Each structure stands twice: as C-alpha cells, then as structure tokens.
Amino acid sequence: MAQSIVSTVVGKLGELLIKEVNFLQGVAEELTSLQSEFQWFQAFLKDADATIQGGNERAKTWVNQVRDVAYDAEDIIDTYIFKIHQHRRGSHGCLFSSLMTTYACHPSRLTILHNLGNEIVKVKRRAEEISANRSKYGIDSVGATTSSCSLTSNETRLPLSWKQTPVVEEVDVIGFDEDVKKLVQLLLVEDQGTQDTQRRRPVISIVGMGGLGKTTLAKKVFSNPTIKQHFACHAWVYVSQAYTDRELVESIAKQLMVVGEMRMNKLTDEELKKMVSDHLKEKKYLVVTDDVWTRRAWDNIKEMLPVEMVNGSKVLLTTRNREVALHADRQSPPFDLKLLGEEESWELFCKKAIPTKCSKNCPPKLETIGRQMVEKCGGLPLAIVVLGGLAMRKEQSEEEWRKLLKSVSWQLREGEDQISKILAHSYHHLPYYMKPCFLYFAMFPEDSLINAKDLMLKWIAEGFIESRGEETMEEVAEEYLEELVHRSLIQVAERNSLGGIDYCRIHDLLLDLAISEAKGTNFLLVTKTISNNNNEGNIITLQKTRRLALHDKHSLDIAQQYPTDSTRSLRTVTLFGSDPWNSNLVSLCDKFLTAIVRHFVLGGLLYDYVDHNHPGLFMSFQIPQILISMKLIRVIDLRNLQIIVPDAIGELIHLRYLNVRVVRSKPLPSSIGELTNLQTLQIRNIYFTTELPSEIWKSNLRHLKCYPCSIKGQPSVNNLANLQTLSSITAGKWLYKGLHKMTNLRNLSIGDINNSHGKALSDFLGKQNNLIELELMAKLPSYEHEIPTSILTASHHKHLRCVSLAAKLERLPDVNTQCLLTNLIKLALRSSFLVEDPLVTLGKLDNLQVLELWKDAFVGKEMICLEKGFPQLKRLEFGDLDSLEEWKIEDEAMPRLRKLKISVCEKLVMLPHGLGRITSLQELDVRFMPNAFNQRLKENDGEDWDKVRHVPSVKVRP
Numbered sequence: 014m015a016q017s018i019v020s021t022v023v024g025k026l027g028e029l030l031i032k033e034v035n036f037l038q039g040v041a042e043e044l045t046s047l048q049s050e051f052q053w054f055q056a057f058l059k060d061a062d063a064t065i066q067g068g069n070e071r072a073k074t075w076v077n078q079v080r081d082v083a084y085d086a087e088d089i090i091d092t093y094i095f096k097i098h099q100h101r102r103g104s105h106g107c108l109f110s111s112l113m114t115t116y117a118c119h120p121s122r123l124t125i126l127h128n129l130g131n132e133i134v135k136v137k138r139r140a141e142e143i144s145a146n147r148s149k150y151g152i153d154s155v156g157a158t159t160s161s162c163s164l165t166s167n168e169t170r171l172p173l174s175w176k177q178t179p180v181v182e183e184v185d186v187i188g189f190d191e192d193v194k195k196l197v198q199l200l201l202v203e204d205q206g207t208q209d210t211q212r213r214r215p216v217i218s219i220v221g222m223g224g225l226g227k228t229t230l231a232k233k234v235f236s237n238p239t240i241k242q243h244f245a246c247h248a249w250v251y252v253s254q255a256y257t258d259r260e261l262v263e264s265i266a267k268q269l270m271v272v273g274e275m276r277m278n279k280l281t282d283e284e285l286k287k288m289v290s291d292h293l294k295e296k297k298y299l300v301v302t303d304d305v306w307t308r309r310a311w312d313n314i315k316e317m318l319p320v321e322m323v324n325g326s327k328v329l330l331t332t333r334n335r336e337v338a339l340h341a342d343r344q345s346p347p348f349d350l351k352l353l354g355e356e357e358s359w360e361l362f363c364k365k366a367i368p369t370k371c372s373k374n375c376p377p378k379l380e381t382i383g384r385q386m387v388e389k390c391g392g393l394p395l396a397i398v399v400l401g402g403l404a405m406r407k408e409q410s411e412e413e414w415r416k417l418l419k420s421v422s423w424q425l426r427e428g429e430d431q432i433s434k435i436l437a438h439s440y441h442h443l444p445y446y447m448k449p450c451f452l453y454f455a456m457f458p459e460d461s462l463i464n465a466k467d468l469m470l471k472w473i474a475e476g477f478i479e480s481r482g483e484e485t486m487e488e489v490a491e492e493y494l495e496e497l498v499h500r501s502l503i504q505v506a507e508r509n510s511l512g513g514i515d516y517c518r519i520h521d522l523l524l525d526l527a528i529s530e531a532k533g534t535n536f537l538l539v540t541k542t543i544s545n546n547n548n549e550g551n552i553i554t555l556q557k558t559r560r561l562a563l564h565d566k567h568s569l570d571i572a573q574q575y576p577t578d579s580t581r582s583l584r585t586v587t588l589f590g591s592d593p594w595n596s597n598l599v600s601l602c603d604k605f606l607t608a609i610v611r612h613f614v615l616g617g618l619l620y621d622y623v624d625h626n627h628p629g630l631f632m633s634f635q636i637p638q639i640l641i642s643m644k645l646i647r648v649i650d651l652r653n654l655q656i657i658v659p660d661a662i663g664e665l666i667h668l669r670y671l672n673v674r675v676v677r678s679k680p681l682p683s684s685i686g687e688l689t690n691l692q693t694l695q696i697r698n699i700y701f702t703t704e705l706p707s708e709i710w711k712s713n714l715r716h717l718k719c720y721p722c723s724i725k726g727q728p729s730v731n732n733l734a735n736l737q738t739l740s741s742i743t744a745g746k747w748l749y750k751g752l753h754k755m756t757n758l759r760n761l762s763i764g765d766i767n768n769s770h771g772k773a774l775s776d777f778l779g780k781q782n783n784l785i786e787l788e789l790m791a792k793l794p795s796y797e798h799e800i801p802t803s804i805l806t807a808s809h810h811k812h813l814r815c816v817s818l819a820a821k822l823e824r825l826p827d828v829n830t831q832c833l834l835t836n837l838i839k840l841a842l843r844s845s846f847l848v849e850d851p852l853v854t855l856g857k858l859d860n861l862q863v864l865e866l867w868k869d870a871f872v873g874k875e876m877i878c879l880e881k882g883f884p885q886l887k888r889l890e891f892g893d894l895d896s897l898e899e900w901k902i903e904d905e906a907m908p909r910l911r912k913l914k915i916s917v918c919e920k921l922v923m924l925p926h927g928l929g930r931i932t933s934l935q936e937l938d939v940r941f942m943p944n945a946f947n948q949r950l951k952e953n954d955g956e957d958w959d960k961v962r963h964v965p966s967v968k969v970r971p
C-alpha cells in the first residue's frame with residue numbers, strides 16, 4: 014500500500030516540476046531532490062511492502078514512516094496548487110465579491126514560494142532520516158529477491174514464512190457430494206475427436222475464494238476409488254505463493270518414485286524435469302496442482318508434463334485466480350465453487366458445534382443465536398468450521414453463546430485461527446497499483462450492492478487509474494475490477510447486456526479485512542467503528558486518514574464533534590443510507606459542502622433550506638466551523654442528502670467527483686465552471702429539472718449525469734473532447750451548434766425531444782462514431798413527437814450496442830436494404846406506435862440478446878417470431894401493448910431464450926404453442942395479466958401449463 018502512495022507522489026512531483034517550471038524559481042532544485050528520494054523509496058518498497066506481512070516489525074515501522082511522509086509530501090503539493098490557484102484568480106479579481114472585497118485576501122507569490130520551500134525542506138529532512146534508518150536498523154536486506162522464487166514483475170512476493178500446508182482448505186464441508194460427482198465425471202471422460210484436439214492438456218480447475226474448501230474438494234476427488242483405479246499414476250503438488258522450481262519437480266518425482274533421493278540430488282532441474290516427463294509419457298496419470306497463484310507457476314509445472322496427452326491423462330488444479338485457470342486450459346470452463354446456502358451453513362456449524370454432530374439435536378433455545386452467528390460467516394465453510402469449534406468449547410447455554418455472538422467478528426479476524434490472515438493472502442498478492450482499488454471497498458456498509466460504474470469513476474477520481482496506451486482510464490478500471498473478481502476478492506452480483514459488471518459485492522469477512530487494512534494504513538476511516546469513549550483517539554486517526562465514510566446517525570453525531578483542523582488532509586467524504594430529511598444530516602451536509610469551501614471566512618454565514626414537499630417548513634442553518642479546511646477534497650458523495658449547492662463550490666479546485674441531490678429549481682451556481690479538474694458530476698433533483706449554467710462547458714468533464722437537467726448556452730468546443738457520458742439532458746439550443754468536437758461520447762441520454770430537433774439530432778448523432786449506449790426520449794405526450802428512423806441505421810454507429818427509444822417511430826428500417834443496426838445487443842422501445850410487427854424485422858438481428866417492448870411500442874394485433882428468428886435472444890420483455898391479441902412462435906425461433914416477462918396486455922389470450930419448444934427458457938414472469946390468461950397457467954390444471962412445464966421458475970402475479 015505504501016508503494017502506491019509513494020508512486021503517486023513521484024508522479025505529482027514530476028508533473029509539478031514540468032507545469033510550474035517558471036514559477037518555482039528557488040525551490041525547483043529542492044523539489045527535484047525530494048523526487049529523487051521518493052524514487053529510491055519506490056524501488057525499495059517493491060519488496061519491503063509485502064515482507065512486513067511476514068511479521069518483521071522493523072520493516073513494518075519503516076514502511077509506515079515512508080507512507081506517512083509520502084502523505085505529507087502530497088499534502089504540501091496539493092496545498093501549493095490550491096494557493097497558487099487562489100493567487101492567479103486573485104490577480105484577476107476575487108470570484109466571490111460578497112465574501113472577499115480586496116486582493117489582500119490572497120497571499121503573494123513570494124509568500125507562497127517561501128512557504129513551499131520551508132515545507133519541502135522539512136519533509137525532505139524527514140525523508141532522508143527515514144532513508145538512513147533503513148541501514149541503521151538493518152532493514153536493507155528485507156524483501157531481497159532470490160532467484161529460485163518464481164514471480165513476475167507485477168506480482169507481490171510473499172515471505173517464505175507464509176509457505177505452509179493449506180490448512181485454509183482443510184475443512185470438512187457439507188454439500189460436496191454433487192461437486193465430487195461432477196468432477197469425477199469430468200476426469201473420467203476420455204478425449205474424443207481428432208488427434209490434434211487430443212494433444213492439448215486437459216486441465217480441470219477448481220476456482221474460488223480462500224476458505225471455500227477447494228483443497229478439501231480436490232482431495233475427495235483425488236482419493237475417490239474410481240479415480241484411483243482409472244489412473245495408473247497419481248501425484249499431488251502443493252504449489253503455494255513461495256514455491257521454488259526445484260521443490261515442485263522433486264515433489265512430483267518423489268511421489269512417482271521416478272528416482273532415488275541420492276541420485277536426485279545430483280541431477281539439475283532440467284534433467285529431473287525431463288526424467289519426470291519421460292516417466293509419464295506412456296502412462297495415464299492424474300496430477301493435482303493445489304493452490305496455484307500465478308500463470309508463471311503453471312508454466313513451470315507444465316514443463317514436467319508430456320506434451321502429448323492422448324491417453325486420457327488429466328490435471329486437476331485449484332486456484333483463487335480465475336485467470337490462472339483460463340491460462341492453464343481455455344477449452345475447459347473453470348469449476349466455480351460456491352458459498353454455502355443458509356441451511357448448508359447451519360448443518361456444517363452444528364456438525365462442529367453440537368456433540369452429536371446433528372442439527373436436529375441443537376437445543377431450540379440456542380438455534381436462533383446460532384443462526385445469527387452463522388449468518389456472519391456469509392456461507393464461507395472455513396469461517397463456519399472455526400466458529401463451530403469455538404462454540405464446541407463453550408458451555409451450551411444462552412449466556413455463553415450470546416457472548417460468542419458479540420465477539421464473532423473479532424474471533425474470525427483476530428482470534429486464534431486468524432481467518433483474516435488466510436484471506437489476506439489474496440490481498441497481499443495483488444500488484445501494488447491494485448491494492449488501493451481493493452481497499453476502497455472498505456467504505457461500503459455490509460451486504461451493499463455496489464454500483465460498479467460509480468465505483469470505477471471514484472477510482473479514477475482518486476488517482477488510482479492511469480490510461481495505458483490507447484486504453485481510456487475507464488477501460489483500465491474495468492480491467493482492474495474484473496481482475497479483482499478473477500482473484501476471488503470481489504463477487505459479481507449482476508452483469509449488463511454487454512457482459513460488463515453492473516453491480517458487485519464483497520464478502521463480509523473480506524470487507525472486515527479491507528476495513529482493517531484501510532484503517533491501519535490511514536487509507537480510510539469508517540465511522541461506524543468509532544466509539545464515543547475514544548473520541549480523542551478518533552480525532553488523531555482522522556488527522557492522518559485520507560478518506561471518511563459515514564454510515565449511520567451515530568457516526569454523523571460523532572463527526573460533528575471533530576475540530577476543524579482534524580480534517581485538513583481528507584480527500585474523500587462519502588455518506589451512505591441516510592434519511593434526507595433528518596436535520597442532523599442537513600447540518601452535516603452544511604459542513605461537507607459549504608463550510609469546507611469557505612475556508613477564508615472567519616465567522617458563520619446563513620443560508621435557507623426549503624422543503625418543497627412541505628412548503629410550510631422553512632429552516633435556516635448556520636454554517637459551522639468544523640471541516641472548513643478541507644480544501645484538498647477530491648471526492649464528495651452526498652447523494653443521500655437533499656442540499657443546496659453553494660456559490661463557493663468553485664473554490665474546491667482539486668474536486669474530481671461530485672455527486673449530490675439538490676432541492677431547489679434554481680440553476681447550479683456558475684462557479685461550478687471553475688472546477689477545472691472535475692471529471693464526474695452527478696446531480697439528482699426529485700421535483701424539478703435542474704438548470705446547469707453555461708459555464709459547465711468550460712470544465713473538462715468526462716461524465717455528466719443529471720436526473721434531469723437542462724443546459725444553458727452553447728458548448729465550448731475546446732473542452733468536450735474528453736466527455737464520455739452525457740446523461741438525462743433535455744434537448745435544447747446546445748444541440749444546434751458547437752458539438753463537432755464531442756466525438757468521444759460512449760453513453761448518451763437525451764430527453765424532451767420534439768419534432769423540431771429531428772435534423773439537429775440526426776446531424777449530432779452522425780458524428781458519434783464511438784457511441785455504445787443511446788437513449789432518446791420524446792417530449793410528452795410522446796405520440797406527438799417523432800424521432801427520425803435514420804437514427805437506427807448503421808452508417809455511423811459501428812460500436813452502438815444498446816438503444817432505448819421512447820418516442821414515435823414511423824417504422825423500423827429494413828435490416829438488409831436500410832442497414833438496421835446489426836450489431837445491436839439490446840433494444841428497448843416505448844411509445845413507438847409501430848403499426849407493422851417489429852418482431853419480423855428485429856428477428857433478423859443476429860446479435861440481439863435483449864428486447865423490450867413497452868407502452869404501445871406496437872399497436873397491431875398480432876406478433877410473430879419467424880422461423881429461426883432471434884438466434885441470440887436471451888431476454889424478451891413486453892407490456893402495456895393494449896392492442897395485442899395473439900403472439901406466435903415458429904420453429905427454431907429464440908433457441909437461446911432464458912427469461913420471458915409479460916405484463917398488462919389486456920387482450921392477449923394465451924401463450925404461443927411454440928413456447929414449449931424453447932427448452933432453454935429458465936424464467937417466466939407474468940404480471941398484471943387478465944385472470945383468464947393467468948388461469949391457463951395454473952400448475953398441472955391450466956390449458957397452457959404444458960407449454961411452460963419445463964421452465965424452472967414460473968411466477969404469475971395477478
């Protein structure tokens with residue numbers, strides 16, 4: 014983690030020296046010297062940052078000191094940038110005349126340089142002392158590399174003390190019987206096909222997070238009598254994170270009894286590998302490679318295995334990293350091991366906690382408490398087994414189990430078995446640049462469904478992500494998130510139509526790990542862990558921490574007690590799940606969005622807060638002095654509060670991400686255009702359309718999301734090249750001029766479109782060659798306003814994948830003659846008033862996977878899915894089609910359909926007969942349909958039941 018912040022400081026120093034070379038006269042040399050010192054830190058930390066996890070307290074102390082001095086250096090740089098910005102703006106007059114009446118409020122250039130020089134000298138002196146301590150206290154050798162340990166440059170080296178038998182997986186897990194059967198079948202399958210297809214290495218990979226029981230499952234399969242009989246040779250290789258090539262080859266050689274130990278010691282690695290390979294060539298063998306962490310490790314193993322495996326030999330591999338599994342064999346899908354369900358978890362717990370090892374014998378008075386404890390394990394077998402062992406050692410009484418319930422989280426994290434240390438292996442194995450991305454999950458409450466897009470935009474705003482080659486930062490961030498998923502640190506909750514992650518979550522035990530690591534490195538403070546009894550210690554922690562996450566009212570109450578100077582280093586403030594009408598929250602919002610920018614005000618100011626939902630309620634709040642020094646803030650997320658954005662927002666020059674909910678219909682302040690570093694702006698307004706000032710075009714925004722917003726004035730063509738998202742913006746004059754440089758849009762959503770916008774809209778969209786997602790909504794009533802059909806042609810939209818239209822369409826363009834968008838993956842139509850059956854045309858789209866038809870998208874009586882139509886469609890939803898009477902499905906139509914949803918089609922009599930032939934269908938959801946329609950779907954008795962009998966999930970909601 015220290016390496017990440019040091020790398021950030023090195024980059025900032027370099028950028029500052031380049032941009033401010035003319036202004037930094039007299040201090041440039043000191044800055045260059047400081048940069049050099051941190052570059053040495055950066056090089057040394059590549060090894061030391063991981064080694065401290067092995068228990069070396071000297072190295073740990075040294076790394077902590079390096080991190081702290083790096084944080085201080087970053088504060089100096091950011092404070093200088095803030096002050097010089099104030100100085101330059103002051104030379105053109107103060108922005109807020111009501112608050113600053115003279116230029117004297119800005120420090121002079123010489124004063125700024127003098128202060129910068131003094132601060133640089135101090136931090137450089139500290140850096141030199143810390144550097145000297147490395148030799149003074151014998152830390153020079155920490156993390157030294159060895160040639161025998163095989164790691165790539167992007168992988169963190171772990172101490173040899175961590176190399177141990179994988180107790181993590183040695184758990185007697187409930188519910189593995191079916192998994193064992195499936196794996197045994199996969200291993201027994203003889204390769205079929207041509208000789209070329211048989212030459213590949215069949216590798217069956219078991220993938221999952223630490224503690225799931227991967228090793229236990231592999232051992233059950235390895236010891237299965239049928240497997241023992243089927244394969245002539247068997248070998249089990251435990252790889253670990255600190256393996257050596259020699260140990261691997263010797264382990265296999267010994268198990269296969271290829272050569273005696275005395276002779277083995279005389280052979281080179283290559284000679285021994287060849288001997289193993291030659292021994293296996295003529296035999297049908299099974300090699301289990303357990304706990305493989307890297308692709309390089311697998312590459313070393315496969316050198317010992319014969320190239321040709323035409324005799325049915327197999328490899329069984331366990332890993333936490335899905336990418337390793339795919340690297341080993343991309344033709345064999347990884348076997349994903351899942352978390353236990355509620356009842357399986359309870360059964361496993363009782364097996365360990367109850368003397369009779371039977372859940373039925375658990376005393377009723379203990380079951381409720383026991384299930385509460387088990388719930389905290391989140392289905393992780395290792396945690397459940399450890400918890401069961403703790404309960405077994407306790408007296409089986411309500412009092413003792415309640416005590417254990419209160420300490421479950423601590424026991425799993427810090428107790429004798431230290432599950433967190435086992436889970437931490439995956440974290441410490443991350444490349445340094447991905448560790449901040451994982452620690453960022455620490456800010457989320459337990460069991461949160463996390464918006465992946467929003468998370469990645471915050472990563473970018475925090476400076477965790479850098480563009481690589483032609484990849485955008487957003488694309489790199491997506492790769493990072495997928496990598497965290499592949500490494501079994503993060504779980505995918507939902508994917509979108511394009512295959513990307515929409516929502517994700519983190520297991521509670523990994524969340525505890527992230528919170529602990531984040532707090533220990535001053536990366537982030539979660540205020541739900543704060544106690545009133547230790548407020549002084551919390552303030553000290555807050556003085557050092559970079560990010561603050563507020564979870565509940567208690568944390569808000571505590572936060573209001575912090576003195577002003579305790580928050581000067583904060584870069585991020587995020588508030589979760591709160592009541593927007595709670596006066597405490599409104600007051601806190603005051604602090605975080607108004608007071609922090611009025612750092613130059615000595616006294617409090619007043620502003621008015623009006624509840625538009627209750628016009629008689631009027632409140633005024635005094636701006637407090639708490640948090641008024643947060644001038645270095647980068648990320649503000651107060652989406653759960655309804656607020657008024659103050660004029661002084663423009664003072665937060667480091668702000669990169671702003672997400673707020675506003676309460677008034679008045680425009681946002683023009684000063685928002687002063688936020689030249691702002692990358693993401695998200696505005697929500699429940700009651701009104703928020704008017705964005707014309708100054709918004711001066712910013713360098715990458716993502717503008719407003720729900721809903723209008724924009725004043727014409728675009729500033731010089732600052733639009735980076736804009737990738739323009740969402741929920743109402744159509745207006747901005748459509749007619751100055752958009753020829755807005756060419757990097759990926760996501761576009763425009764509302765309130767009327768007939769007069771047709772040509773301008775077509776011209777604008779014609780320039781959007783990179784557009785991926787498009788949403789267009791007509792001004793109400795939508796049947797009066799038509800969108801040009803040309804929008805759905807492929808002349809300019811090679812990358813367009815998702816389209817949503819809520820407007821009248823004359824007709825759909827033909828697939829062949831008019832180039833209907835053949836690359837579409839998702840299409841949603843609403844209020845299109847199409848007279849011709851859209852399924853006839855859309856069924857010809859070979860790539861379409863999701864189709865939605867809502868609210869008079871079609872006004873005809875009959876829809877037909879033609880023979881072999883919709884070859885890739887996976888989800889079909891339609892509703893509020895008031896004229897629809899009949900729906901037909903011809904042979905081989907929709908062969909991949911998995912989900913069907915139908916609602917509010919009053920004249921539709923029944924499901925089509927062809928639905929029974931779609932064996933891929935997994936879910937049928939029928940809502941608010943006529944009673945006669947629903948009766949036909951009555952289980953076993955309904956006339957249409959045979960059509961859906963094969964569907965696993967049938968839901969009929971009257």
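The sequence shown begins at 14 in the numbering used here and counts up by one.
All C-beta atoms in this analysis are idealised placements derived from N, C-alpha and C, irrespective of residue type, glycine included.
Fair warning: this is a prediction, and the values are worked out from it, not measured in the lab.
Per DSSP, the bridge partner or partners of residue i
i, result
"Q695", "N672, K718"
"K59", "The partner list for K59 (beta bridge, DSSP) is empty, contrary to what the question assumes."
"R911", "The partner list for R911 (beta bridge, DSSP) is empty, contrary to what the question assumes."
"V262", "Beta-bridge pairing links V262 to no other residue."
Among the options, the one whose alpha carbon lies nearest that of residue i
i, options, result
"N836", "A819, R843, K59, L805", "L805"
"D190", "K232, H292, V23, V220", "K232"
"C363", "R814, A490, V387, R343", "V387"
"E412", "L858, K378, M790", "K378"
"E142", "H100, V79, H127, L126", "V79"
"K912", "F891, C832, I90", "F891"
"K750", "D765, V197, M923, S775", "S775"
Test item: CB-CB of residue i and residue j under 8 angstroms
i, j, result
"L897", "K920", "yes"
"L705", "L668", "no"
"S46", "K137", "yes"
"S345", "V216", "yes"
"P10", "G221", "Here the chain comprises residues numbered 14 to 971, so residue 10 is not present and cannot be evaluated."
"V305", "L361", "no"
"I240", "L230", "no"
"V22", "F51", "yes"
Residue environment, residue i, which counts as buried when at least 16 other CB atoms sit within 10 Å
i, result
"E487", "buried"
"S3", "Here the chain comprises residues numbered 14 to 971, so residue 3 is not present and cannot be evaluated."
"L171", "At L171, the pLDDT of 39 sits below 50, so the modelled position is not reliable; the number obtained from the coordinates is stated separately. Result: buried."
"N698", "buried"
"R647", "buried"
"A945", "exposed"
"Y150", "exposed"
"K25", "buried"
"S769", "exposed"
Where the alpha helix (DSSP H) containing residue i begins and where it ends
i, result
"Y493", "486-499"
The beta strand (DSSP E) enclosing residue i, as first and last residue numbers
i, result
"V300", "298-303"
"S218", "216-220"
"D515", "514-518"
"K839", "839-843"
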